[in-house]
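In what follows, a structure is listed as structure tokens, so that the remarks can point back to it.
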Amino acid sequence: MPGKVVTRFAPSPTGFLHIGGARTALFNWVYAKATGGEFLLRIEDTDRARSTEPAIAAILDGLKWLGLDWDGEVVFQFARAERHAEIARQLLAEGKAYRCYASPEELDAMRERARAEGRSPVYDGRWRDRDPAEAPEGAPFAVRFKAPKQGETVVEDQVQGKVVFPNKDLDDLIILRSDGTPTYNLSVVVDDHDMGVTHIIRGDDHLTNAGRQSQIYAALGWDIPVFAHVPLIHGPDGAKMSKRHGALGIDAYRAMGYLPAAMLNYLARLGWSHGDDEIFPIEKMVEWFGLDSLGQSPSRFDFAKLENLNGHYIRASSDADLIAALRDLSPHLPQETGLAGLNDADWRKLELAMPGLKERAKTLIELIEGARFLFAQRPIEIEEKAAKLLTRDARTRLASFHASLARLDDWTVARIEAAARVQAEELGVKLGDLAQPLRAALTGSNVSPGIFEVLFVLGREEALARIEDQATRD
RNA sequence: GCUCCCUUCGUCUAAUGGUUAGGACAUCAGAUUUUCAAUCUGGAAACAGGGGUUCAAUUCCCCUAGGGAGUACCA
Numbered sequence: 003m004p005g006k007v008v009t010r011f012a013p014s015p016t017g018f019l020h021i022g023g024a025r026t027a028l029f030n031w032v033y034a035k036a037t038g039g040e041f042l043l044r045i046e047d048t049d050r051a052r053s054t055e056p057a058i059a060a061i062l063d064g065l066k067w068l069g070l071d072w073d074g075e076v077v078f079q080f081a082r083a084e085r086h087a088e089i090a091r092q093l094l095a096e097g098k099a100y101r102c103y104a105s106p107e108e109l110d111a112m113r114e115r116a117r118a119e120g121r122s123p124v125y126d127g128r129w130r131d132r133d134p135a136e137a138p139e140g141a142p143f144a145v146r147f148k149a150p151k152q153g154e155t156v157v158e159d160q161v162q163g164k165v166v167f168p169n170k171d172l173d174d175l176i177i178l179r180s181d182g183t184p185t186y187n188l189s190v191v192v193d194d195h196d197m198g199v200t201h202i203i204r205g206d207d208h209l210t211n212a213g214r215q216s217q218i219y220a221a222l223g224w225d226i227p228v229f230a231h232v233p234l235i236h237g238p239d240g241a242k243m244s245k246r247h248g249a250l251g252i253d254a255y256r257a258m259g260y261l262p263a264a265m266l267n268y269l270a271r272l273g274w275s276h277g278d279d280e281i282f283p284i285e286k287m288v289e290w291f292g293l294d295s296l297g298q299s300p301s302r303f304d305f306a307k308l309e310n311l312n313g314h315y316i317r318a319s320s321d322a323d324l325i326a327a328l329r330d331l332s333p334h335l336p337q338e339t340g341l342a343g344l345n346d347a348d349w350r351k352l353e354l355a356m357p358g359l360k361e362r363a364k365t366l367i368e369l370i371e372g373a374r375f376l377f378a379q380r381p382i383e384i385e386e387k388a389a390k391l392l393t394r395d396a397r398t399r400l401a402s403f404h405a406s407l408a409r410l411d412d413w414t415v416a417r418i419e420a421a422a423r424v425q426a427e428e429l430g431v432k433l434g435d436l437a438q439p440l441r442a443a444l445t446g447s448n449v450s451p452g453i454f455e456v457l458f459v460l461g462r463e464e465a466l467a468r469i470e471d472q473a474t475r476d
């Protein structure tokens with residue numbers, strides 16, 4: 003009977019939760035759900051100089067926003083430093099690790115020389131078999147893991163297959179710094195073991211570490227977890243992610259108006275697929291996900307596809323959910339783009355206009371922009387392209403229509419549309435010749451939701467006033 | 001430099017030892033339409049190159065090229 007699956011996401015809080023991290027978290031979360039296992043969260047904050055509180059908050063916020071909830075309490079790695087040191091001392095006592103008295107400067111010189119002579123700049127093992135008695139009195143030392151020198155280390159990776167590292171290329175890494183604090187490769191192994199992690203799904207950049215960590219597991223006599231190293235996500239140009247194109251914090255995507263469901267769906271399809279399925283909720287991913295269906299090649303981040311997906315999710319969202327998302331988003335936006343000034347009546351108006359608005363928006367930001375005309379103060383500003391539609395003839399038509407609208411007894415989309423069609427016929431013009439000037443007068447733009455909806459949502463009073471503003475101009 | 005990984009339309013990807021190499025985004029054309037979207041129809045678009053293995057390779061193996069990762073008293 004196989005034991006319960008335990009996965010984990012283990013970011014280091016030295017920056018925001020980026021897109022690659024989010025996807026790694028997603029895969030771990032989904033795999034845990036798919037197998038009825040647990041998904042743990044561990045913050046790897048052993049680098050005291052670079053770890054920050056805001057980064058921790060950003061990671062937790064990002065995961066919550068995406069809905070990737072973790073089981074149990076968050077584990078902070080630094081808090082477990084004493085446990086890691088204890089294991090290091092155990093290794094030392096068992097002769098599986100040793101004290102290295104070489105100073106950082108000395109090591110730099112060693113590496114530089116190796117490089118100059120065309121050799122690999124690995125630690126040369128100068129203290130590996132040396133008698134510690136030769137060490138200078140009271141000199142600081144780091145503890146190094148005594149890695150096997152001969153043979154090879156094999157990592158059976160679920161994604162990459164069998165990966166073989168020649169042991170001569172994996173040097174004796176430091177597991178305890180000279181100040182007594184543990185380093186990453188030791189801490190990870192001890193924590194994953196202690197937390198009962200069975201499956202390590204992480205970025206490809208850790209593949210070499212998997213080799214080193216396997217050696218530590220072996221030295222400790224612990225079971226090696228299943229490894230799955232997922233190819234990294236590159237920028238649109240195929241190179242490393244940069245700020246310019248995608249290496250943004252997940253909160254930046256939120257601020258750009260992307261929906262969590264769209265992010266999840268997009269991330270899911272990067273490096274993983276299920277036949278021809280493109281648009282599916284995360285529940286489906288849980289149903290379909292398997293480590294064996296992960297791709298082996300790196301993928302590029304494509305904003306266009308994300309936008310398309312986001313558009314789908316916006317259209318599929320209920321008006322009320324979209325209003326909720328906008329209210330949520332509002333505090334994350336700069337003042338001028340925000341919805342800060344809206345009162346309850348404005349929000350109701352926005353919800354009323356939502357069916358026409360959401361059809362045309364790929365992001366929540368576009369949605370807000372499209373809704374701007376709703377809250378414009380008269381006389382509204384007319385864009386250049388819209389102004390061209392308001393010719394003298396057009397304004398005369400508006401004046402006629404204004405009179406018809408004023409007589410309308412029922413202010414509904416259907417009645418307004420009927421009135422417009424009658425009006426166009428009476429004037430002997432195409433509907434567009436009336437609709438476009440109307441659009442300009444009512445929204446100040448040549449692009450908007452269906453004009454009859456606009457009339458309706460604006461309300462009789464405001465709509466008539468805006469039409470009159472143009473009809474009676476000059 | 002050394003070690004490791006990767007390579008199907010521009011992008012994300014599917015499939016297969018024998019297929020017209022499929023889908024999605026983007027793109028182009030058309031339809032629809034009060035604008036823009038959305039929607040519908042259609043088009044263009046890929047097996048990195050070279051060797052093998054085989055009756056047959058995009059598929060299996062090797063090499064080359066290109067891309068990426070690692071190579072810290074960072075994680």
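Count along the first sequence from 1, then add 2; that gives the number in this note's numbering. We put the beta carbon where it would ideally sit given N, CA and C, even for glycine.
| query | result |
| --- | --- |
| Per-residue DSSP class, three states only, for Trp-349 | helix |
| Given 8 Å, three or more beta-carbon pairs between the segment 340-347 and the segment 279-297 | no |
| Host alpha helix (DSSP H) of Arg-115 (start-end) | 106-118 |
| Distance CB(His-231)-CB(Val-8) smaller than 9 Å | no |
| Counted within 10 angstroms of its Cβ, other Cβ atoms place Val-156 as buried (16 or more) or exposed | exposed |
| Cβ-Cβ separation, Asp-171 to Ser-122 (assumed contact under 8 Å), whole Å | 7 Å |
| Collapsed DSSP secondary structure at Val-449 in the structure displayed | coil |
| Straight-line Cα distance separating Thr-210 from Arg-204 | 12 Å |
| Presumed contact (8 Å Cβ cut-off) between Arg-462 and Trp-413, rounded CB distance | 5 Å |
| DSSP bridge partner residues for Pro-184 (one or two, in chain order) | Leu-178 |
| CA-to-CA distance, Arg-91 to Ala-111, given in whole angstroms | 28 Å |
| Contact belief for Gln-425 with Ala-443 at Cβ below 8 Å, rounded distance in angstroms | Their Cβ separation, rounded to whole angstroms, is 14 Å, which puts Gln-425 and Ala-443 out of contact at 8 Å. |
| Heavy atom of the ligand PLP within 8 Å of Asp-239 beta-carbon | Ligands displayed in this structure: none; no statement on the ligand PLP is therefore possible. |
| Same chain, Cβ closer than 6 Å to Glu-40, five either side skipped, listed in chain order | Val-8, Ala-34 and Asp-73 |
| 4-residue-minimum alpha helix (DSSP H) runs that sit fully inside the segment 354-392, ordered along the chain | 366-373 and 386-389 |
| Proximal residues to Ile-284 (C-beta, below 6 Å), its chain only, five neighbours per side dropped | Leu-266 |
| Test item: CB-CB of Ile-316 and Leu-366 under 9 Å | yes |
| For Met-3, the three-state DSSP class (helix, strand or coil) | For Met-3, the pLDDT reaches just 45, beneath the cut-off of 50, and the residue's location in the model is therefore unreliable, leaving the point undetermined. |
| Member of Ile-58, Asp-47, Ile-176 and Arg-399 whose CA lies at the smallest distance from the CA of Gln-79 | Asp-47 |
| With 16 other Cβ atoms within 10 Å as the buried cut-off, status of Arg-256 | buried |
| Contact check, Thr-445 vs Phe-377, beta carbons under 9 Å | no |
| Helix, strand or coil at Lys-164 according to DSSP, with G and I counted as helix | strand |
| Tyr-125 in three-state terms, based on DSSP | coil |
| Opening and closing residue of the beta strand (DSSP E) in which Thr-9 lies | 8-11 |
| The segment 56-67 touching the segment 159-173, judged by at least three CB pairs closer than 8 Å | no |
| Paired residues, beta bridge with His-314 - DSSP | Beta-bridge pairing links His-314 to no other residue. |
| Stretch pair the segment 140-160 + the segment 53-62: three plus CB contacts closer than 8 Å | no |
| Cβ neighbours of Ala-12 in the same chain (closer than 6 Å, five flanking residues each side left out) | Arg-44 and Glu-46 |
| For Glu-40, three-class secondary structure by DSSP | strand |
| Tyr-379 versus Leu-460 - alpha carbon distance | According to the sequence shown, residue 379 is Gln rather than Tyr. Taking the straight line from one Cα to the other gives about 12 Å. |
| Terminal residues of the alpha helix (DSSP H) in which Ile-418 lies | 415-429 |
| Arg-475 in three-state terms, based on DSSP | coil |
| Terminal residues of the beta strand (DSSP E) in which Ile-202 lies | 201-205 |
| Bounding residues of the beta strand (DSSP E) (the contiguous stretch that carries Asp-159) | 154-159 |
| Beta strand (DSSP E) segment containing Val-145, residue limits | 144-147 |
| Endpoints, beta strand (DSSP E) assigned at Val-228 | 228-232 |
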